[in-house]
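Colleague: For reference, the structure I am asking about is given below.
Protein chains: 2
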Amino acid sequence: MQYLKKSFEGMEPYFSKEITDGIVLNANEAPYLPPKPILEEFNNRIKCLNFNRYPDMQNTKLCEAIAKKYQISKENVTCGVGSDELLEVTFRATLEPNDVVLSFSPSFSMYKVFTELHNAKFIGIDFNDDLSFDVDAMLKKIKENNPKLVLICSPNNPTGAILTQSEIIRIVTNTNALVLLDLAYVDFAKEDPTYLALKYNNLIAYRTFSKAMALASIRCGYAISNSNNIDMINAVKAPYSLSIPSQILSELAISNYDLYKENINNVISERDNLYSNLKKLGINVYPSEANFIYVKMDKKIYDGLLENKIYIRAFTDEIYRITVGLKEENEKLLKVVRKYAK
Amino acid sequence: MQYLKKSFEGMEPYFSKEITDGIVLNANEAPYLPPKPILEEFNNRIKCLNFNRYPDMQNTKLCEAIAKKYQISKENVTCGVGSDELLEVTFRATLEPNDVVLSFSPSFSMYKVFTELHNAKFIGIDFNDDLSFDVDAMLKKIKENNPKLVLICSPNNPTGAILTQSEIIRIVTNTNALVLLDLAYVDFAKEDPTYLALKYNNLIAYRTFSKAMALASIRCGYAISNSNNIDMINAVKAPYSLSIPSQILSELAISNYDLYKENINNVISERDNLYSNLKKLGINVYPSEANFIYVKMDKKIYDGLLENKIYIRAFTDEIYRITVGLKEENEKLLKVVRKYAK
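Line order of the protein sequences matches chains U and Y. According to the working numbering, the stretch in the first sequence is residues 1 to 342, in order. According to the working numbering, the stretch in the second sequence is residues 1001 to 1342, in order.
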């Protein structure tokens, strides 16, 4: 790659093999489709779409629908190609070389990638032994490092733990940094701290249609904050990024959020079942408020799952993340675990 | 915007008002829809789509369909959210602060924006008086400035002129820079130099589904080059950027390119009609091989068009770009021009 700039040396294309057969529990996707009335209305609208025209670059209707759901103004909302794009744009808008980015660790792997893309310094803060958040350690690191950005993923990917609202507030009010609150999995949690992003000037909440809304295929996410922070993202973001079909489908999904409740509740109860069953089988499991469970277990179990075409996410030879699937998928997984856990 | 970094100071959100009524000839969109068989097949495939799953991040089927059309390997192709994304990623992958980027000027406005985003130096090279490309001036600037990137848009937006293949080769073989050849409008031109991007190591061709393919709504573009350059773009590009609906529709479009030929030929003959009619009316027009015409004319004509809800692109009070529309749209435009040109 002769033209790649020096600071990017060693970067390689990211490659992931598409799985076309088996039980896919490795990407924290919803195991269900969007509710039928949403898809039917989408199919109707697609039929008379002006495919030859550029999208509305302000995503006006979608921003309005999101604003309506949270009872906020559309000036407090912006949309992007997944919350990834909006996170990356925020890094790009704010980070100068050698700035410090703090994050609990392990967390969403792109935080470190985005930091390094901008030649900034990433510091990860370990979780407590029970994988709860160590807020004191974060506050100490904030004092020591004067970070430009603080990342919080809650429920945390891949561990599943949450920060309480008072813990979030404690971090936000004890730093001058901009705090990025990634709420990708919050629909599966007991509390929703999104509204805090309008109470504190240095807080942006990021949400996605890729998880609970069952729309990973269309790559759409949004950010909520005061209009200054939203303007900053919009100033740096590429115009025209969201396709019209993605805008339409997301708008229908958020406007019909209630239709998802049954599906979401099913995942929550399946998650809690899976947790107790794995525990009974002697697997080290950690409490989760997301649609996945973080486990420590023997590699032979993972190999057994693979052999049975059940795909979970492997971090090391003993650390894995299992996305909660449909009832029958989880049962099949448990059957295999039972066989190999002995 | 308190958190925006200093080097981005002055950046503002880009705002464009959506036009919902009238004749839209300001964005170089196709005036026709994609051919019916393509849309019908798309509607069928959408009905059974796994909306809850992430897209194939390698865009495998789409890359294969593009590779098939050009009889090249899929390793020579990558796709993105419009060719804009791929151009921006190439700038990001290669530019260090103070690097020089050369482009003919005026050209696609984002080249300068992307350059400045990376704190590099943009140098624009004027066209000849008849708005043909001044290749000698480009070669002189290459010698003087040792650029990192050279941008060529052919047919050029907004002027419509093209560089011949031998002129492109002359530039490519006289620089160490990476040459980015933006072919967004090439379907409307006499020659297609895309294949040159596999003959010269320092050349990447960029193409889009937004113009002749009548798919601006779905934001899809692609780049063609040797696998080293394609790997470089893939290494820096965000994974998962293209939605599944966008991948499917683009794949159908490129696989059925022949179905577009009649539409494309109509635009070409409408363009040539519009050109001669505008000339007859005493308007300064420039030869174009794209789906638009660059004109110098009195502002009162532009105001008259606006009054009649005919929207063209204004660069200054005397320089405009008119996208070629449907026959009846062009006739309406000519009628208004005739009235105000006197």
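Yeah, the Cβ is synthetic: ideal placement off N, Cα and C, and Gly gets one too.
Applying a beta-carbon distance threshold of less than 8 Å, which residues of chain Y neighbour U:T94?
Modeller: Y1003, L1004, K1005, listed in chain order.
Colleague: Please name the residue, chosen from U:Y240, U:D56, U:K17, U:I283, that lies closest to U:Y294 on a Cα-to-Cα basis.
Modeller: For the residues U:Y240, U:D56, U:K17, U:I283, the minimum Cα distance to U:Y294 belongs to U:I283.
Colleague: In chain order, what are the residue ranges of uninterrupted beta strand (DSSP E) at least 3 long that sit wholly in the segment 1184-1226 of chain Y?
Modeller: Qualifying beta strand (DSSP E) stretches, in chain order: 1203-1208, 1221-1224.
Colleague: Between the beta-carbon of U:K74 and the beta-carbon of U:T60, is there less than 9 Å?
Modeller: Result yes, Cβ atoms of U:K74 and U:T60 sit closer than 9 Å.
Colleague: Straight-line CA distance for U:I244 to Y:K1141?
Modeller: Roughly 41 Å between the two C-alpha positions.
Colleague: Return no unless some Cβ of chain U is closer than 9 Å to the Cβ of Y:L1151.
Modeller: No, Y:L1151 lies away from the interface with chain U (no Cβ there is under 9 Å from its Cβ).
Colleague: Does Y:T1316 pass the burial test, meaning 16 or more other C-beta atoms within 10 Å, or should it be called exposed?
Modeller: By the 10 Å Cβ count, Y:T1316 comes out exposed.
Colleague: Can you tell me which of Y:A1216, Y:A1214, Y:M1297 puts its alpha carbon nearest to the alpha carbon of Y:I1319?
Modeller: Out of Y:A1216, Y:A1214, Y:M1297, Y:M1297 has the C-alpha closest to the C-alpha of Y:I1319.
Colleague: Considering only the alpha carbon of each residue, which of U:F91, U:R321, U:A235, U:Y206 lies closest to Y:E1012?
Modeller: With distances taken between Cα atoms, Y:E1012 lies closest to U:A235.
Colleague: May I ask you to report which of helix, strand or coil DSSP gives U:R271?
Modeller: Three-state result, U:R271: helix.
Colleague: Do you know whose CA, among U:G82, U:N157, U:I168, lies nearest Y:P1055's CA?
Modeller: The shortest Cα separation from Y:P1055 among U:G82, U:N157, U:I168 belongs to U:G82.
Colleague: Kindly indicate if chain Y contains any beta-carbon less than 9 Å away from that of U:K148.
Modeller: For U:K148, the answer is yes, since a Cβ of chain Y falls inside 9 Å of its Cβ.
Colleague: Do Y:I1168 and Y:A1189 come within 9 Å of each other at the CB atom, strictly closer than that value?
Modeller: For Y:A1189 and Y:I1168, no; Cβs fall outside 9 Å.
Colleague: Can you pull out the residues from the segment 1065-1091 of chain Y whose beta carbon lies closer than 8 Å to at least one beta carbon of chain U?
Modeller: Residues passing the 8 Å Cβ filter: V1081, G1082, D1084, E1085, E1088.
Colleague: Given a cut-off of 9 Å on the beta-carbon distance, is the pair Y:R1207 and Y:L1180 in contact?
Modeller: Contact: no.
Colleague: Please compile the residues from chain U whose C-beta is within a distance smaller than 8 Å of the C-beta of Y:D1021.
Modeller: Here the premise fails: no neighbours, minimum Cβ distance about 13 Å.
Colleague: Under DSSP, the alpha helix (DSSP H) around U:F91 begins and ends at which residues?
Modeller: Unbroken alpha helix (DSSP H) run through U:F91: 82-94.
Colleague: Would a check of beta-carbon distances place Y:T1208 closer than 9 Å to chain U?
Modeller: Judged by the 9 Å Cβ criterion, Y:T1208 is not in contact with chain U.
Colleague: Contact between the segment 151-158 of chain U and the segment 101-111 of chain U: three or more CB pairs below 8 Å?
Modeller: With a cut-off of 8 Å, the segment 101-111 of chain U and the segment 151-158 of chain U count as touching, because enough Cβ pairs lie within range.
Colleague: With 16 as the cutoff for other CB atoms within 10 Å, does Y:I1019 come out buried or exposed?
Modeller: It is exposed - the Cβ of Y:I1019 has fewer than 16 other Cβ atoms within 10 Å.
Colleague: Can you look up U:Y323 in the DSSP assignment and give me helix, strand or coil?
Modeller: According to the sequence displayed, residue 323 of chain U carries Thr and not Tyr. It is a strand residue.
Colleague: Counting only C-beta atoms, is U:M232 closer than 9 Å to chain Y at any point?
Modeller: By this cut-off, U:M232 is an interface position.
Colleague: Nearest chain Y C-beta to U:Y320 closer than 9 Å, yes or no?
Modeller: No, no contact with chain Y.
Colleague: Mind pulling the beta strand (DSSP E) runs of 3 or more residues that sit fully within the segment 1117-1182 of chain Y?
Modeller: DSSP runs (the beta strand (DSSP E)) wholly in the segment 1117-1182 of chain Y: 1121-1126, 1149-1153, 1178-1182.
Colleague: Starting from the beta carbon of Y:D1056, find every residue of chain U whose beta carbon is closer than 7 Å, and list them in chain order.
Modeller: Per Cβ cutoff of 7 Å: E18.
Colleague: Can you tell me which of Y:I1066, Y:Q1002, Y:F1015, Y:R1092 puts its alpha carbon nearest to the alpha carbon of U:S7?
Modeller: Looking at the Cα atoms, Y:R1092 is the closest of the given residues.
Colleague: For the segment 249-263 of chain U against the segment 1031-1048 of chain Y, are there 3 or more C-beta pairs whose distance is under 8 Å?
Modeller: No contact exists between the segment 249-263 of chain U and the segment 1031-1048 of chain Y.
Colleague: Using a Cβ-Cβ cut-off of 9 Å, state whether Y:N1256 counts as contacting chain U.
Modeller: For Y:N1256, the answer is no, since every Cβ of chain U falls outside 9 Å of its Cβ.
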